[in-house]
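Residue numbering for the sequence shown is -24 to -1, 1 to 83, as defined by mature numbering (1 follows the signal peptide of the UniProt record, and there is no 0). Quick notes on the structure that follows.
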Amino acid sequence: MASRTSSSLLLLALLLSCVAISSAARRLEEEAPKDEAEEEFPRHLSVPELPVPEHELPPKPEGLPPLPEVHLPPKPELPPFPEVDLPPKPEFPAIPEFHFPEPEEKP
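Okay, here's the thing in structure tokens:
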């Protein structure tokens, strides 16, 4: 009996706290002037544009030696895959087609 009483008191306290919080939030929403809240924070600070340095790529060197050829070892040969005898694939029953019933005419 004591656990039932304590659980009902806990639920009652939770309900009252929810009611108090929701009414306080409603009061805060109604009291807050919307114009002043938006003016409190400035939009964005103006950022000056940074100068872009003008530069050119260095000239491409002429007469570079060719890239060396790479000799890779041959690929190892894989053994053939073993043959696997599987049982025949079972046939699934066909899905019956569904048609909505025709609505009955009302006299």
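Quick reminder that beta carbons are idealized off the backbone N, C-alpha and C, glycines included.
Secondary structure of residue 28 (DSSP, three-state): coil. When rounded, the separation of the alpha-carbon atoms in residue -17 and residue -6 is 17 angstroms. Look at residue 22 here: in three-state DSSP terms it is coil, with no helix or strand label.
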